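A.B. asks:
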Amino acid sequence: MAQYWLSHPWFDPWPDLGDLHRRMDRLFERASGPALARGSVFPPVNLYETSDGYVLTAEVPGLRHDEIEITVERDRLTLSGERRIEYPKDASLHRVERRGGSFRRTVQLPSEVDGDKVEASYRDGVLRVRIPKAAEHQPRRIAVGAS
Amino acid sequence: MTTETTTQAVARPGEKQVLEREHTRPGFVFRPDVDIVEQKDAFLVSADLPGVDERAIEVRLENGLLSIDASPGEAQDAAWTPLYAEYRTGGYHREFALSDAIDVNAIEAKLVDGVLRLRLPKRHEARPRQIAVQAG
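Those protein sequence lines, which keep their order, are chains R and C.
Numbering of the first sequence is given in my numbering, commencing with residue 1221 and proceeding in unit increments.
Numbering of the second sequence is given in my numbering, commencing with residue 244 and proceeding in unit increments.
(1) If we count the other Cβ atoms within 10 Å of its Cβ and call it buried at 16 or more, is N306 (chain C) buried or exposed?
(2) DSSP beta-bridge partners for P325 (chain C)?
(3) In terms of residue numbering, what span does the beta strand (DSSP E) encompassing P364 (chain C) cover?
(4) Shorter than 9 angstroms from the beta carbon of I279 (chain C) to some beta carbon of chain R?
(5) For Y1342 (chain R), which option in R:P1281, R:N1266 and R:R1296 has the closest C-alpha, if you only look at C-alpha atoms?
(6) Looking at the C-beta of V1364 (chain R), does it have a partner C-beta in chain C at a distance below 9 angstroms?
(7) Rounded to the nearest angstrom, how far is the Cβ of V1261 (chain R) from that of R1325 (chain R), given a contact under 8 angstroms?
(8) Decide if H336 (chain C) is buried, meaning its Cβ has at least 16 other Cβ atoms within 10 Å, or exposed.
(9) From the DSSP output, in three-state form, read off Y259 (chain C) for me.
(10) Quick check on the DSSP output: the beta strand (DSSP E) that includes V383 (chain C) runs from which residue to which?
(11) So which residues of chain C does S1322 (chain R) contact, with C-beta pairs closer than 7 angstroms?
(12) Give a yes or no on whether the minimum CB-CB distance between S310 (chain C) and chain R is below 9 angstroms.
(13) In this structure, what does DSSP give as the bridge partners for G1321 (chain R)?
(14) Any C-beta of chain C sitting closer than 9 angstroms to the C-beta of E1269 (chain R)?
(15) Quick one: which residues of the segment 1294 to 1325 of chain R get their C-beta closer than 9 angstroms to a C-beta of chain C? List them in chain order.
(16) When DSSP builds the beta bridges, which residues end up paired with I279 (chain C)?
(17) Pick from C:D356, C:Y330, C:R372 and C:A352: whose alpha carbon is nearest that of L363 (chain C)?
(18) Count the other C-beta atoms from every protein chain shown that fall within 10 angstroms of the C-beta of S342 (chain C), then say buried if there are 16 or more, exposed otherwise.
(19) Are there 16 or more other CB atoms within 10 angstroms of the CB of K1309 (chain R), so buried, or fewer, so exposed?
(20) Could you tell me which uninterrupted beta strand (DSSP E) segments, each at least 3 residues in length, are contained entirely in the segment 1317 to 1364 of chain R, listed from first to last along the chain?
(21) Between the beta-carbon of V277 (chain C) and the beta-carbon of A1311 (chain R), is there less than 9 angstroms?
(22) I350 (chain C) to E317 (chain C), Cα distance in whole Å?
(23) What residues in the segment 338 to 372 of chain C bring their beta carbon closer than 7 angstroms to a beta carbon of chain R?
(24) Quick one: which chain B residues come within Cβ less than 8 angstroms of R1284 (chain R)?
(25) Just to confirm, is the Cβ distance from E1339 (chain R) to V1349 (chain R) under 9 angstroms?
(26) Tell whether a beta-carbon distance below 9 angstroms holds between L354 (chain C) and I300 (chain C).
(27) Using the beta-carbon of each residue, which ones in chain C are nearer than 9 angstroms to P1330 (chain R)?
(28) Please list, in chain order, all residues of the same chain as R303 (chain C) whose beta carbon is under 7 angstroms from its beta carbon, the five residues on each side excluded.
(29) Taking only beta-carbon positions, decide if V1292 (chain R) is within less than 9 angstroms of chain C.
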């Protein structure tokens, strides 16, 4: 919700600050690719386009593969689950940086996708979801007939 | 007690923090989120290291300094076009000074779903002992 507020042109109380952020993003951009989106979110996601669809990756360390729920509806993909962080009752906490809690994130995809063919894999705390575009959005090769 | 010795870097909250150090290898090195808790007989350390496998992780304990290093996992498919990014990939590094004596030979380490879990048992002489008070 906070992200929506910050990114929404009608609700930007500090337009100049936003511009400063964008300029700093450009300044610190070192690798190729889009500047990092700002804000504190869990899990952070990256979205890629492939020849026939999209790939969404998310860093979800500490979750088991069956604790992550993925739903797809038209052009929206939602990740949800709960990250539990538990320690023995008799332990004293020296440093607690890892955050737990339930999460729910919806990503708007650039076009409609084929929800029946979505495939997800999970390894070393990274989720990877392959999302084929709906048939009508797939690139089509048009043969040029000789006259 | 544990004291952090890793060089701190500035990052916006919730983002992976890039460590500003001189590297001999190209790519980013991040400062992983770490939890450290203490029990009577051991320290438990959990570090979020998404994207690396167990062979890429090196845990060292030398002169009371615990260091965790992980080299980057495989790169993303170069044929993919990035559309939107909230995180980058790379290696990880973090160091802590441990004040209590640790039994180095009994350290346990395992990587489960991108989280490194260390159990650092204290040496017997460093464990708290109950002293019985005798009536005179």
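For glycine and all other residues, C-beta sits at the position ideal for the given N, C-alpha and C.
It should be emphasised that the depicted structure is a prediction, and the values quoted were computed from it without experimental measurement.
C.D. replies: In short:
(1) The count along the second sequence starts at 1 and reaches residue 306 (chain C) at position 63. By the 10 Å Cβ count, N306 (chain C) comes out exposed.
(2) Working through the second sequence from its first residue, we reach residue 325 (chain C) at position 82. DSSP, once it has assigned bridges, lists R:Y1268 as partnering P325 (chain C).
(3) Along the second sequence, read from residue 1 onward, the residue named residue 364 (chain C) stands at position 121. Start and end: V358 to P364.
(4) To locate residue 279 (chain C), count along the second sequence from 1; it is residue 36. Under the 9 angstroms criterion on CB atoms, I279 (chain C) is classed as interfacial with respect to chain R.
(5) The residue you call residue 1342 (chain R) lines up with position 122 of the first sequence. For Y1342 (chain R), the closest C-alpha among the options R:P1281, R:N1266 and R:R1296 is that of R:P1281.
(6) As a position in the first sequence, residue 1364 (chain R) is number 144, starting the count at 1. Judged by the 9 angstroms Cβ criterion, V1364 (chain R) is not in contact with chain C.
(7) Residue numbering aside, residue 1261 (chain R) sits at position 41 when the first sequence is read from its first letter. Residue numbering aside, residue 1325 (chain R) sits at position 105 when the first sequence is read from its first letter. Between R1325 (chain R) and V1261 (chain R) the Cβ distance is about 7 angstroms, and since that is below 8 angstroms, they are a contact.
(8) Within the second sequence, numbered from 1, the residue matching residue 336 (chain C) stands at position 93. Under the 10 Å beta carbon count, H336 (chain C) is surrounded by 16 or more other beta carbons and is classified as buried.
(9) One-based indexing of the second sequence puts residue 259 (chain C) at position 16. In the sequence under discussion, the amino acid at residue 259 (chain C) is Lys, which differs from the Tyr named in the question. The answer is coil: DSSP assigns K259 (chain C) none of H, G, I, E or B.
(10) The displayed coordinates of chain C run from 244 to 379. Any statement about residue 383 (chain C) would go beyond what the structure contains.
(11) Translated into the one-based positions of the first sequence, residue 1322 (chain R) becomes position 102. Chain C residues near S1322 (chain R): none, gap ~16 angstroms exceeds 7 angstroms.
(12) Numbered from 1 along the second sequence, position 67 holds the residue referred to as residue 310 (chain C). It does not; no Cβ of chain R falls within 9 angstroms.
(13) The residue given as residue 1321 (chain R) occupies position 101 in the first sequence. Answer is R:R1303, bridged to G1321 (chain R).
(14) One-based indexing of the first sequence puts residue 1269 (chain R) at position 49. Judged by the 9 angstroms Cβ criterion, E1269 (chain R) is in contact with chain C.
(15) Taking 9 angstroms as the Cβ-Cβ cut-off against chain C, the residues of the segment 1294 to 1325 of chain R that qualify are I1305, Y1307, P1308, D1310, A1311, S1312, L1313, H1314, R1315, V1316, E1317, R1318 and R1319.
(16) Here residue 279 (chain C) refers to the residue found at position 36 when the second sequence is read from its first residue. BP columns for I279 (chain C) point to R:R1315 and C:V288.
(17) Stepping through the second sequence from its first residue, residue 363 (chain C) is reached at position 120. Closest by alpha carbon: C:A352.
(18) Here residue 342 (chain C) is taken as the residue at index 99 of the second sequence, counted from 1. It counts as exposed.
(19) Reading the first sequence from its first residue, position 89 is the one you call residue 1309 (chain R). K1309 (chain R) is exposed by the Cβ-count criterion.
(20) As far as the segment 1317 to 1364 of chain R is concerned, its whole beta strand (DSSP E) runs of at least 3 residues are 1321 to 1328, 1339 to 1343 and 1346 to 1352.
(21) Within the second sequence, the letter at position 34 stands for residue 277 (chain C). Within the first sequence, the letter at position 91 stands for residue 1311 (chain R). No. Outside cutoff.
(22) As a working mapping, residue 350 (chain C) is identified with position 107 in the second sequence. As a working mapping, residue 317 (chain C) is identified with position 74 in the second sequence. Cα to Cα, I350 (chain C) sits roughly 28 angstroms from E317 (chain C).
(23) Within the segment 338 to 372 of chain C, contact with chain R at the beta-carbon level (separation under 7 angstroms) is assigned to D356, G357 and V358.
(24) In summary, chain B is missing from the structure at hand, where the protein chains are R and C.
(25) The residue you call residue 1339 (chain R) lines up with position 119 of the first sequence. The residue you call residue 1349 (chain R) lines up with position 129 of the first sequence. Their beta carbons are under 9 angstroms apart, which means E1339 (chain R) touches V1349 (chain R) by this criterion.
(26) In the second sequence, the residue the question calls residue 354 (chain C) occupies position 111. In the second sequence, the residue the question calls residue 300 (chain C) occupies position 57. L354 (chain C) places its beta carbon less than 9 angstroms from that of I300 (chain C).
(27) Numbered from 1 along the first sequence, position 110 holds the residue referred to as residue 1330 (chain R). L326, listed in chain order.
(28) The residue labelled residue 303 (chain C) in the question sits at position 60 within the second sequence. Taken in chain order, the residues that qualify are S310.
(29) Working through the first sequence from its first residue, we reach residue 1292 (chain R) at position 72. Taking a beta-carbon distance threshold of 9 angstroms, V1292 (chain R) does not count as an interface residue toward chain C.
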